[in-house]
Amino acid sequence: MDFRNYLHTHPDEKGYFGRFGGAYLPPELEPAFKEITEAYHSICHTTRFISELRRIRREFQGRPTPVYHCERLSRLNGGAQIYLKREDLNHTGAHKLNHCMGEGLLAQFMGKKKIIAETGAGQHGVALATAAAYFGLECEIYMGEVDIAKQAPNVTRMKMLGAKVVPVTHGLKTLKEAVDAAFEAYLRDYKNAIYCIGSVVGPHPFPMMVRDFQSVVGFEAREQFLEMTGELPNAICACVGGGSNAMGLFPAFLNDPVDIYGVEPLGRGPAQGDHAASMGYGSEGVMHGFNSIMLKDAEGNPAPVYSVASGLDYPSVGPEHAYLRDIGRVTYESADDAAAVDAFFKLSRYEGIIPALESSHAIAFALRKAREMKTGTILVNCSGRGDKDVDFIAEHYGYGEDHKY
Ligand SMILES: *Cc1c(COP(=O)(O)O)cnc(C)c1O
Numbered sequence: 006m007d008f009r010n011y012l013h014t015h016p017d018e019k020g021y022f023g024r025f026g027g028a029y030l031p032p033e034l035e036p037a038f039k040e041i042t043e044a045y046h047s048i049c050h051t052t053r054f055i056s057e058l059r060r061i062r063r064e065f066q067g068r069p070t071p072v073y074h075c076e077r078l079s080r081l082n083g084g085a086q087i088y089l090k091r092e093d094l095n096h097t098g099a100h101k102l103n104h105c106m107g108e109g110l111l112a113q114f115m116g117k118k119k120i121i122a123e124t125g126a127g128q129h130g131v132a133l134a135t136a137a138a139y140f141g142l143e144c145e146i147y148m149g150e151v152d153i154a155k156q157a158p159n160v161t162r163m164k165m166l167g168a169k170v171v172p173v174t175h176g177l178k179t180l181k182e183a184v185d186a187a188f189e190a191y192l193r194d195y196k197n198a199i200y201c202i203g204s205v206v207g208p209h210p211f212p213m214m215v216r217d218f219q220s221v222v223g224f225e226a227r228e229q230f231l232e233m234t235g236e237l238p239n240a241i242c243a244c245v246g247g248g249s250n251a252m253g254l255f256p257a258f259l260n261d262p263v264d265i266y267g268v269e270p271l272g273r274g275p276a277q278g279d280h281a282a283s284m285g286y287g288s289e290g291v292m293h294g295f296n297s298i299m300l301k302d303a304e305g306n307p308a309p310v311y312s313v314a315s316g317l318d319y320p321s322v323g324p325e326h327a328y329l330r331d332i333g334r335v336t337y338e339s340a341d342d343a344a345a346v347d348a349f350f351k352l353s354r355y356e357g358i359i360p361a362l363e364s365s366h367a368i369a370f371a372l373r374k375a376r377e378m379k380t381g382t383i384l385v386n387c388s389g390r391g392d393k394d395v396d397f398i399a400e401h402y403g404y405g406e407d408h409k410y
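Basically the working numbering = 1-based index in the sequence shown + 5.
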């Protein structure tokens with residue numbers, strides 16, 4: 006398949022990547038999503054929008070983020086050379102701001118006054134609250150009461166940035182209820198507000214929009230890698246929760262002779278409820294308004310999921326990933342909690358980079374793959390920094406004293 010025109014031809018005008026994606030919406034929400042789709046097409050490809058977003062990326066976010074050769078880690082690991090795309094150095098410490106700034110700028114161009122979203126672990130909420138502060142927009146973040154208690158530092162950050170955190174108190178009081186509450190709020194206020202999703206998931210146009218805003222990661226990385234080494238990497242990889250940092254990295258390399266890997270969280274193991282490897286163990290189904298591969302319980306509802314990395318525990322995956330696997334272009338693998346924690350310590354101790362536990366899954370896979378490859382290069386998307394995870398790791402796993410060098 007020729008991927009040169011891929012970003013312009015995928016998804017199709019209804020929002021499908023092959024048979025995955027689409028927009029399964031209650032009729033009352035259809036006009037709101039149609040408005041966003043039309044605005045995206047008419048605004049986001051204009052020179053004014055693109056040049057303003059470029060300026061923001063450079064001056065506010067600190068882009069381009071570097072590509073870094075992990076020489077010591079590669080030597081101690083053995084095999085292929087490991088490189089990182091340093092999204093942990095993006096402002097706020099993760100890749101999520103890439104699409105939040107795009108969505109915020111779109112809101113501004115559309116004349117909206119408010120942005121609405123849900124958050125689970127709080128990472129999306131913080132990135133969006135940052136964008137809202139930058140653009141002077143009101144920001145309303147729906148969050149389950151259980152998550153609010155668990156993620157106190159992120160709740161504080163959101164409030165500090167001027168966002169209103171709305172506790173969701175019904176059902177299990179976690180992400181699923183927060184999604185429903187955010188949709189309801191958006192429905193009440195869509196003339197005035199725009200809804201902003203946290204990954205390449207949800208109804209069309211969000212998987213496309215978030216991918217397009219994230220794709221700066223791969224386009225930068227490809228050029229940087231070529232300049233550093235004179236060649237393309239042999240392989241690239243990224244962790245996959247919803248799949249946005251992966252869809253940031255992959256598109257620039259689709260038409261190249263480069264092996265591409267998405268890495269899902271295998272948690273404590275393959276039993277239901279112990280992991281969140283949707284592609285590995287799921288089946289086709291519609292959830293949260295789009296058709297993709299999802300983990301289902303016996304009744305066909307979204308199954309309970311778990312990962313040591315709370316940003317990865319989502320029971321479905323972006324529809325474009327389902328498509329890219331179907332056509333055989335991307336391979337999906339997994340790394341479990343233990344491998345991710347080991348990679349977390351290794352990168353910290355051998356390179357002086359503390360990665361997010363989410364990113365540690367991609368690094369764990371890269372370590373395994375590099376040994377298998379023996380020579381060549383592998384580029385990993387280091388999607389975020391691990392400051393948010395150090396207290397949890399210290400409490401449950403110690404300080405990594407056994408990782409001597
Ligand atoms: C949220 C998050 C992820 C998972 O989200 P994707 O949409 O799968 O990229 C990965 N890494 C970090 C650092 C995150 O905050």
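All C-beta atoms, glycine included, are put in the ideal place defined by N, C-alpha and C.
Checklist entry - Quick one: is the Cβ of Lys101 within less than 7 Å of any heavy atom of ligand 1? => result Position 96 of the sequence shown holds residue 101. Under cutoff, so the answer is yes.
Next on the checklist: Below 8 Å on the Cβ atoms is my contact criterion, and I expect Tyr88 with His74 to pass it. Report the Cβ-Cβ distance as a whole number of Å.
Outcome noted: In the sequence shown, counting from the first residue as 1, residue 88 sits at position 83. In the sequence shown, counting from the first residue as 1, residue 74 sits at position 69. Tyr88 to His74, Cβ: 5 Å. Contact.
Next on the checklist: Can you check which of these residues, Leu111, Met106, Glu150 and Glu64, is closest to Ala127 by C-alpha distance?
Outcome noted: The sequence position of residue 127 within the sequence shown is 122, counting from 1. It should be pointed out that residue 127 corresponds to Gly in this sequence rather than to Ala. Closest by alpha carbon: Glu150.
Next on the checklist: Taking 7 Å as the cut-off, is the beta-carbon of Ala251 closer than that to any non-hydrogen atom of ligand 1?
Outcome noted: Within the sequence shown, numbered from 1, the residue matching residue 251 stands at position 246. True, at least one ligand heavy atom lies under 7 Å from that Cβ.
Item to check | Any non-hydrogen atom of ligand 1 within 7 Å of Cys244 CB | outcome: As a working mapping, residue 244 is identified with position 239 in the sequence shown. Yes, Cβ of Cys244 sits closer than 7 Å to a heavy atom of ligand 1.
Checklist entry - With C-beta atoms as the reference, is Ala343 less than 8 Å away from Leu362? => result Taking the sequence shown and counting its residues from 1, the one referred to as residue 343 is at position 338. Taking the sequence shown and counting its residues from 1, the one referred to as residue 362 is at position 357. Taking a C-beta distance under 8 Å as the contact criterion, Ala343 and Leu362 do not qualify as a contact pair.
Item to check | Closest residue to Ala112 among Glu236, Tyr200 and Asp331 (Cα-Cα distance) | outcome: In the sequence shown, counting from the first residue as 1, residue 112 sits at position 107. When only C-alpha atoms are compared, the closest one is Tyr200.
Next on the checklist: I'd like to check one pair, Lys90 with Asn197: are the Cβ atoms closer than 8 Å?
Outcome noted: Position 192 of the sequence shown, counting from 1, holds the residue named residue 197. Position 85 of the sequence shown, counting from 1, holds the residue named residue 90. For Asn197 and Lys90, no; Cβs fall outside 8 Å.
Checklist entry - What do you get for Tyr195, buried or exposed, if any count of 16 or more other CB atoms within 10 angstroms of its CB means buried? => result Counted from its first residue, the sequence shown places residue 195 at position 190. Buried is the call here.
Next on the checklist: Suppose contacts are defined by Cβ-Cβ distances below 8 Å. Is Leu237 in contact with Val263 by that definition?
Outcome noted: The residue labelled residue 237 in the question sits at position 232 within the sequence shown. The residue labelled residue 263 in the question sits at position 258 within the sequence shown. For Leu237 and Val263, yes; Cβs fall inside 8 Å.
Item to check | Where Tyr11 sits in the DSSP three-state scheme | outcome: As a first step, residue 11 is located in the sequence shown; it is residue number 6 there, counting from the start. It is helical.
Next on the checklist: Could you check if Ala361 belongs to the surroundings of ligand 1, using beta carbon to heavy atom distance under 7 Å?
Outcome noted: Translated into positions along the sequence shown, residue 361 becomes position 356. The answer is yes for Ala361.
Item to check | Cα-Cα separation between Cys244 and Glu35, rounded to whole angstroms | outcome: As a first step, residue 244 is located in the sequence shown; it is residue number 239 there, counting from the start. As a first step, residue 35 is located in the sequence shown; it is residue number 30 there, counting from the start. Taken atom to atom, the span from the alpha-carbon of Cys244 to that of Glu35 is near 32 Å.
Next on the checklist: Using the Cβ count rule (16 or more neighbours within 10 Å means buried), how would you classify Phe295?
Outcome noted: The residue labelled residue 295 in the question sits at position 290 within the sequence shown. Burial call: buried.
Item to check | beta strand (DSSP E) segment containing Ile265, residue limits | outcome: As a first step, residue 265 must be located in the sequence shown, where it is residue number 260. Note, Ile265: beta strand (DSSP E), Asp264 to Gly272.
Next on the checklist: What does the alpha-carbon distance come out to for the pair Ile368 and Arg80?
Outcome noted: Residue mapping note: residue 368 aligns to position 363 of the sequence shown, counting from 1. Residue mapping note: residue 80 aligns to position 75 of the sequence shown, counting from 1. If you draw a straight line from the Cα of Ile368 to the Cα of Arg80, it comes to about 15 Å.
Item to check | Cβ-Cβ distance between Cys242 and Ile383 below 8 Å | outcome: If you number the sequence shown from 1, residue 242 lands on position 237. If you number the sequence shown from 1, residue 383 lands on position 378. Yes; because the gap between Cβ atoms is below 8 Å, this pair is in contact.
Checklist entry - Cβ of Gln66 versus every heavy atom of ligand 1: is any distance shorter than 7 Å? => result For the purposes of this step, residue 66 is taken as residue 61 along the sequence shown, with counting starting at 1. No; taking the cut-off as 7 Å, the Cβ of Gln66 has no heavy atom of ligand 1 nearer than that.
Next on the checklist: Tell me which residue opens and which closes the alpha helix (DSSP H) that Leu58 is part of.
Outcome noted: In the sequence shown, the residue the question calls residue 58 occupies position 53. Leu58 -> alpha helix (DSSP H) spans Thr52 to Ile61.
Checklist entry - What alpha helix (DSSP H) runs, 4 residues minimum, are completely inside the segment 210-248? => result Those alpha helix (DSSP H) runs which fall completely within the segment 210-248 and span 4+ residues are 211-219 and 221-234.
Item to check | Distance between Gly389 and Met299 (C-alpha atoms, nearest Å) | outcome: On the sequence shown, residue 299 is found 294 positions in, with the first residue counted as 1. On the sequence shown, residue 389 is found 384 positions in, with the first residue counted as 1. Approximately 25 Å, taken between the alpha carbons.
Checklist entry - Under the criterion of a Cβ to heavy atom distance below 7 Å, does Leu254 qualify as lining ligand 1? => result As a working note, residue 254 is residue 249 in the sequence shown. No, the Cβ of Leu254 stays beyond 7 Å of every heavy atom of ligand 1.
Item to check | Host beta strand (DSSP E) of Asn296 (start-end) | outcome: Within the sequence shown, residue 296 is the residue found at index 291, counting from 1. Element bounds for Asn296: Phe295 to Met299.
Next on the checklist: Along the chain, where does the alpha helix (DSSP H) containing Gly107 start, and where does it finish?
Outcome noted: For this step, residue 107 is matched to residue 102 along the sequence shown. That run of the alpha helix (DSSP H) goes Lys101 to Met115.
Checklist entry - Which runs of the alpha helix (DSSP H) fall wholly inside the segment 274-362 and span at least 4 residues, in chain order? => result 283-286, 324-331 and 342-356
Item to check | Closest residue to Tyr286 among Met292, Ala276 and His293 (Cα-Cα distance) | outcome: Taking the first residue of the sequence shown as position 1, residue 286 is located at position 281. For the residues Met292, Ala276 and His293, the minimum Cα distance to Tyr286 belongs to Ala276.
Item to check | Same chain only: Cβ atoms within 7 Å of His104, ignoring 5 sequence neighbours per side | outcome: Residue mapping note: residue 104 aligns to position 99 of the sequence shown, counting from 1. If we look at His104 and ignore the five residues flanking it on each side, its Cβ neighbours are Val215, Phe218, Gln219 and Ser249.
Checklist entry - Just checking my contact of Gly323 with Ser297 at CB under 8 Å: how many whole Å lie between their CB atoms? => result Indexing the sequence shown from 1 puts residue 323 at position 318. Indexing the sequence shown from 1 puts residue 297 at position 292. Yes, they are in contact, since the Cβ atoms of Gly323 and Ser297 sit about 7 Å apart, within 8 Å.
Next on the checklist: If you follow the beta strand (DSSP E) that Leu180 is in, where does it begin and where does it stop?
Outcome noted: The residue you call residue 180 lines up with position 175 of the sequence shown. In the DSSP assignment, Leu180 falls outside any beta strand (DSSP E) and lies within the alpha helix (DSSP H) extending over Leu180 to Asp194.
Checklist entry - Does the Cβ-Cβ distance between Ala375 and Gly141 come in under 8 Å? => result Numbered from its first residue, the sequence shown carries residue 375 at position 370. Numbered from its first residue, the sequence shown carries residue 141 at position 136. No, Cβ-Cβ distance for Ala375 and Gly141 is not below 8 Å.
Checklist entry - Going by DSSP, which residues form a beta bridge with Tyr147? => result The count along the sequence shown starts at 1 and reaches residue 147 at position 142. Beta-bridge pairing links Tyr147 to Glu123 and Val171.
Item to check | Top-ranked residue by Cα proximity to His46, from Lys19, Ile61 and Pro32 | outcome: Within the sequence shown, the letter at position 41 stands for residue 46. Checked all of Lys19, Ile61 and Pro32; the closest Cα to His46 is Lys19.
Item to check | Environment of Ser400 [buried if 16+ CB atoms lie within 10 Å] | outcome: Position 395 of the sequence shown, counted from the first residue, corresponds to residue 400. Checking the sequence, you will find Glu at residue 400 rather than Ser. Its Cβ having fewer than 16 others within 10 Å, Glu400 is exposed.
Item to check | Close beta carbons around Val131, own chain, < 7 Å, minus the five adjacent residues each side | outcome: Stepping through the sequence shown from its first residue, residue 131 is reached at position 126. Result list for Val131: Thr97, Asn159, Arg162 and Met163, in chain order.
Checklist entry - How many angstroms separate the CA atom of Ser204 from the CA atom of Met233? => result Against the sequence shown, residue 204 aligns to sequence position 199. Against the sequence shown, residue 233 aligns to sequence position 228. Each residue's Cα considered, the two are about 30 Å apart.
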